[in-house]
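Structure record follows, encoded as C-alpha cells.
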Amino acid sequence: MKNKESYTEIPLTSSTKPVISIKGLFKSFGKTNTVLKGINLTLKQGENLVMLGKSGSGKSIIIKCIVRLIESDEGEITVFNENITSANNSLLNAIRLRMGFLFQNSALYDSMSVRENLAFPLKRHNKNLTENDIETAIIQELESVGLSEAIDKMPSELSGGMRKRIGLARTLILKPEIILYDEPTTGLDTITSLEISELIVAIQKKNKTSSIIITHDMACAKLTGDRLVIIKDGIIYAEGTYEELENSKDEWVNSFFK
Amino acid sequence: MILKNNIDSLSVTLKTIFNDTGNATLFMGRFFKEIFMPPFEIKEFKRQCFLIGYKSLPLVAITGFIMGLVLTLQTRPTLAGFGAESRLPGMVALSLIREIAPVITALICAGKIASGIGAELGSMKVTEQIDAMEVSAINPYKYLVVTRILATTLMVPLLVVFADTIGILGGYVGINIHSDVTLFRYFSQVLESLDFIDIIPPAIKTFFFGFFIGAIGSYKGYTAANGTESVGKAANTAVVAASLSIFIIDMIAVQLTDLFF
Ligand SMILES: Nc1ncnc2c1ncn2[C@@H]1O[C@H](COP(=O)(O)OP(=O)(O)OP(=O)(O)O)[C@@H](O)[C@H]1O
Ligand SMILES: [Mg+2]
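Chain order of the listed sequences is A and B. If you use numbering that gives the first Met the number 0, the first sequence closes out at 257, no skipped numbers anywhere. If you use numbering that gives the first Met the number 0, the second sequence closes out at 260, no skipped numbers anywhere.
Here is the structure:
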C-alpha cells in the first residue's frame, strides 16, 4: 500500500479516465524547506478523492499548484488533458473556469454582499445573462446550500459555517466540472460538518463532478471519499479506500483513524 | 570587522531598496498595458472615484480653509511692512495654487487614500480574496488595481482644485479680520495676479501625485506577505513611500517649470 502502483481500483459507475494527473511534483520554499518531493496523483472522472495529512504537510500547496496559484518547481500537471504548467494565460483561464476552488477560509469578498459575491463571477463570464437570470441562479445556488435567507447580508455578518456554505455556493454557480475543497468542514460543529459532507456527496451525484477534498475530519472523509490518499514527507505515503486504510498494518496510517 | 558588517548591512538595505523599486516599476508598467485591454471595469472605477474623491471632500475642505487663513494672517505683517498690503490676495492665491495646496492635499491623500488602498488590498491578499478572483478567471489586477490608480489619478487633481478654491476663500476670511474687503473685490484682485503659467504646471504635477498615491498604495497592498501583521505594514509603508514620492515629484516639477516656463 506504500506506493502508487499497489492501490486497488475503485469500481465507479462512470468512466474512469483521469481529469487531473500530477507527475513528479516538487515545490520548495527557500533553500531549506522542501514541501513536496515528487507527488504522483490522478483524479478520475466522477471520483471524490480525499487527501489526508498532518498540518503543514503541503496539502493546500498541491491544490494551489493545480490551479496554478503557486508555480511548481518541477513536475507536470495536466487537467482535462491540457498541461497546466506550460499553459498560456487564456488557456489557463479557460481551464480554471471549469474548476471550482473552495478556500480554507472561504475567501468571500468582504466589500460585497452575499448576492454580489455570487453575481460577481457569473456576470463576468456570462455576458448575455439578464439580471433576472442572474438573480434566479443566485437564489437557486443559495437554496442548494440552504442559506437563501442570507442573500442580502454582508460577509462580516455571517458565521464561519455560513461563510463556508456561501463560498461553496459561489464556487458552484459557475458549474465547475472539478471542485477542489480545502478543509470544507474544519471549525464547524458536528451537525454542520455532516450537512456539508452530505452536500459534497449530493453535488458529486447531481452535477457529476470530480473532486479533491482536503480534510482532517474523518467523518467527512468516510462519507465523501471514494478513495483516500495520505501525504507524508512530501510524497503520497498511502492510498486506498477508507476501509483499506483503516485496517492498514502501518501504524502511522492507522493513527489517522483512531 | 565592524566596517565590514556595516558595509554588509548597507548593501543588504540597498539591495532591498533597488529590488523594491524595480518591482514597483514593473507593477506600475503593467497598469499601462492593462488599462487599454477590455473588459473595462467601469462600475468599480466609479465606485472608487466616489470613495476616493467624494469621501475626501470634508478633510480637504477643512485643511484647505485653514491653509488659506493661516497663510494670509502670517503674510500680512510682512507685506504691511512694505506698504504692499493690497498685494495680499494675489500673494496668497499664488502660494496656494503653485505649491501649498497641491503638496498639502497630496500629503493628506497619501495619508488617507494610499494607506486605505494599502490596507484594503493587503487584507484581500492575506484572506485570499485576490487568489479567489484569480482562480475564477477574473483578472484581479485589472479589477482592483487599474480602477484604483485611475481613480486617484483623476480625483487628486480635482481635490487640489477644490482645496485651491476653499483656501482662497479662507484667505478672504483672513483679510477681513483686519480690514474690510468685499468678496468681489477680493476675487478680482486674486484673478488679476494669476497667470497661465501659475496654473498649468501645478495642475500637471497633481496628476502625477494622484498616480503615485494610487500606484504605491496598490503595490504595497497587492504584494503584502502572508499574515495579518503585513496588512498594517502595507498601509504604513504605503504612506511613507507615497509621501516621499510626492516630495520627489515636486522637486522635479519645480526644476522642469524653471526650465520650460
Ligand atoms: N507562501 C509561503 N512561503 C513559505 N512557505 C510556505 C508558504 N506557503 C506554505 N509554506 C510552507 O508549506 C508548508 C505546507 O503548507 P500547506 O498550507 O500546504 O499545509 P497544509 O497541509 O495545507 O496544512 P493545513 O492542514 O494546516 O492547512 C508549510 O509548512 C509552510 O511552511
Ligand atoms: Mg491547508
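Glycine included, each C-beta is placed from N, C-alpha and C at the ideal position. Nothing here was measured: the structure is a model prediction, and the numbers come from that model.
beta-carbon residue 110(A) near ligand 1 non-hydrogen atom, thresh 7 Å: Locating residue 110(A) in the first sequence gives position 111, counting from the first residue. Exclusion of residue 110(A) from the 7 Å shell around ligand 1 follows from its C-beta lying no nearer than that to any non-hydrogen atom of the ligand.
For ligand 2, residues whose Cβ lies under 7 Å from any non-hydrogen atom: 58(A), 59(A), 103(A), 181(A), 182(A) and 213(A)
Supposed contact pair residue 228(A) and residue 234(A) - C-beta distance, whole angstroms, cut 8 Å: If you number the first sequence from 1, residue 234(A) lands on position 235. If you number the first sequence from 1, residue 228(A) lands on position 229. That belief does not hold up - the Cβ atoms of residue 234(A) and residue 228(A) are roughly 10 Å apart, past 8 Å.
Closest by C-alpha distance to residue 239(B), when choosing among 136(B), 85(B), 252(B) and 219(B): As a position in the second sequence, residue 239(B) is number 240, starting the count at 1. For residue 239(B), the nearest C-alpha among the options comes from 219(B).
Residue 240(A) to residue 225(B) span [Cα, whole Å]: Numbered from 1 along the first sequence, position 241 holds the residue referred to as residue 240(A). Numbered from 1 along the second sequence, position 226 holds the residue referred to as residue 225(B). Looking at the two C-alpha atoms, the distance is approximately 35 Å.
C-beta neighbour in chain A for residue 191(B), strict 8 Å: The count along the second sequence starts at 1 and reaches residue 191(B) at position 192. No, no contact with chain A.
Per-residue contacts from residue 137(B) into chain A (C-beta, under 7 Å): Numbered from 1 along the second sequence, position 138 holds the residue referred to as residue 137(B). Contact of residue 137(B) with chain A by beta-carbon distance below 7 Å involves 120 and 123.
Limits of the alpha helix (DSSP H) - the one that residue 124(B) falls within: On the second sequence, residue 124(B) is found 125 positions in, with the first residue counted as 1. Taken as a continuous stretch (DSSP letters only), the alpha helix (DSSP H) holding residue 124(B) covers 114 to 125.
Opening and closing residue of the beta strand (DSSP E) in which residue 201(A) lies: For the purposes of this step, residue 201(A) is taken as the residue at position 202 of the first sequence. It is not in any beta strand (DSSP E) - residue 201(A) instead sits in the alpha helix (DSSP H) that spans 189 to 206.
Closest Cα partner of residue 63(A) within the set 116(B), 101(B) and 133(B): Residue mapping note: residue 63(A) aligns to position 64 of the first sequence, counting from 1. Of the listed residues, the one whose Cα sits closest to residue 63(A) is 133(B).
Residues from the segment 51 to 77 of chain A in contact with chain B, defined by Cβ distance under 7 Å: 66 and 68
Extent of the continuous beta strand (DSSP E) run through residue 230(B): Position 231 of the second sequence, counted from the start, is the residue given in the question as residue 230(B). Taken as a continuous stretch (DSSP letters only), residue 230(B) belongs to no beta strand (DSSP E), being part of the alpha helix (DSSP H) at 228 to 259.
Exposure label - residue 204(B); buried when at least 16 CB within 10 Å: The sequence position of residue 204(B) within the second sequence is 205, counting from 1. Residue 204(B) is buried by the Cβ-count criterion.
Range of the contiguous alpha helix (DSSP H) that encloses residue 92(A): For the purposes of this step, residue 92(A) is taken as the residue at position 93 of the first sequence. Membership of residue 92(A) in the alpha helix (DSSP H) is indicated by the continuous run 88 to 96.
Given 8 Å, three or more beta-carbon pairs between the segment 136 to 156 of chain B and the segment 164 to 171 of chain B: Cβ pair count under 8 Å is below three, so no.
Euclidean distance between Cα positions of residue 249(B) and residue 102(B): Against the second sequence, residue 249(B) aligns to sequence position 250. Against the second sequence, residue 102(B) aligns to sequence position 103. Their Cα atoms are separated by approximately 8 Å.
Whole-angstrom distance between residue 20(B) and residue 30(A), CA atom to CA atom: In the first sequence, residue 30(A) corresponds to position 31, counting from 1. In the second sequence, residue 20(B) corresponds to position 21, counting from 1. Their Cα atoms are separated by approximately 25 Å.
Partners in chain B for residue 108(A), counting only beta-carbon separations shorter than 9 Å: Position 109 of the first sequence holds residue 108(A). Ordered by position in chain B, the residues that pass the 9 Å Cβ test against residue 108(A) are 123, 128, 131 and 132.
Any 3 or more C-beta pairs closer than 8 Å across the segment 126 to 136 of chain A and the segment 93 to 101 of chain A: no
Counted within 10 angstroms of its Cβ, other Cβ atoms place residue 182(A) as buried (16 or more) or exposed: To locate residue 182(A), count along the first sequence from 1; it is residue 183. Per the 10 Å Cβ criterion, buried.
Alpha-carbon spacing of residue 121(A) relative to residue 113(A), whole angstroms: Counting from one through the first sequence, the residue named residue 121(A) turns up at place 122. Counting from one through the first sequence, the residue named residue 113(A) turns up at place 114. Spanning the two alpha carbons is a distance of roughly 13 Å.
C-alpha gap between residue 231(B) and residue 113(B), whole angstroms: Position 232 of the second sequence holds residue 231(B). Position 114 of the second sequence holds residue 113(B). Cα to Cα, the separation comes out at about 12 Å.
Residue 171(A) at chain B interface by Cβ criterion, 8 Å: Numbered from its first residue, the first sequence carries residue 171(A) at position 172. For residue 171(A), the answer is no, since every Cβ of chain B falls outside 8 Å of its Cβ.
Nonlocal neighbours in the same chain, by C-beta distance under 8 Å from residue 197(B), ignoring five residues either side: Sequence index remark: in the second sequence, residue 197(B) carries index 198 (1-based). If we look at residue 197(B) and ignore the five residues flanking it on each side, its Cβ neighbours are 93, 96 and 97.
Residues sharing a beta bridge with residue 75(A), DSSP: Working through the first sequence from its first residue, we reach residue 75(A) at position 76. Bridge partners of residue 75(A): 22(A).
Beta-carbon neighbours of residue 95(A), restricted to chain B and to distances below 9 Å: If you number the first sequence from 1, residue 95(A) lands on position 96. Correct list: 133, 134, 135 and 136.
Range of the contiguous beta strand (DSSP E) that encloses residue 49(A): Locating residue 49(A) in the first sequence gives position 50, counting from the first residue. Element bounds for residue 49(A): 47 to 52.
Inter-residue Cα distance where the pair is residue 105(B) and residue 60(B): Translated into positions along the second sequence, residue 105(B) becomes position 106. Translated into positions along the second sequence, residue 60(B) becomes position 61. About 13 Å.
DSSP-derived helix/strand/coil call for residue 147(B): Walking along the second sequence from the start, residue 147(B) turns up at place 148. In the structure shown, residue 147(B) sits in a helix (DSSP, three-state: H, G or I).
Cβ-based burial, residue 267(B) [other Cβ within 10 Å; buried from 16]: The requested residue 267(B) is not part of the displayed model; chain B covers only 0 to 260.
Segment contact flag, the segment 103 to 110 of chain A with the segment 70 to 79 of chain A, C-beta cutoff 8 Å, min 3 pairs: no
Rounded straight-line distance, which links the Cα of residue 201(B) to that of residue 55(B): In the second sequence, counting from the first residue as 1, residue 55(B) sits at position 56. In the second sequence, counting from the first residue as 1, residue 201(B) sits at position 202. One C-alpha to the other measures close to 20 Å.
Beta-carbon proximity of residue 208(A) to residue 176(A), cut-off 8 Å: Against the first sequence, residue 208(A) aligns to sequence position 209. Against the first sequence, residue 176(A) aligns to sequence position 177. Yes. Within cutoff.
Ligand 1 heavy atom lying under 7 Å from the CB of residue 56(A): For the purposes of this step, residue 56(A) is identified with residue 57 of the first sequence, where counting begins at 1. Yes, the beta carbon of residue 56(A) sits closer than 7 Å to at least one heavy atom of ligand 1.
At least three beta-carbon pairs within less than 8 Å, the segment 32 to 51 of chain A to the segment 145 to 157 of chain A: no
Three-pair Cβ contact test at 8 Å for the segment 57 to 75 of chain B versus the segment 115 to 131 of chain B: Cβ pair count under 8 Å is below three, so no.
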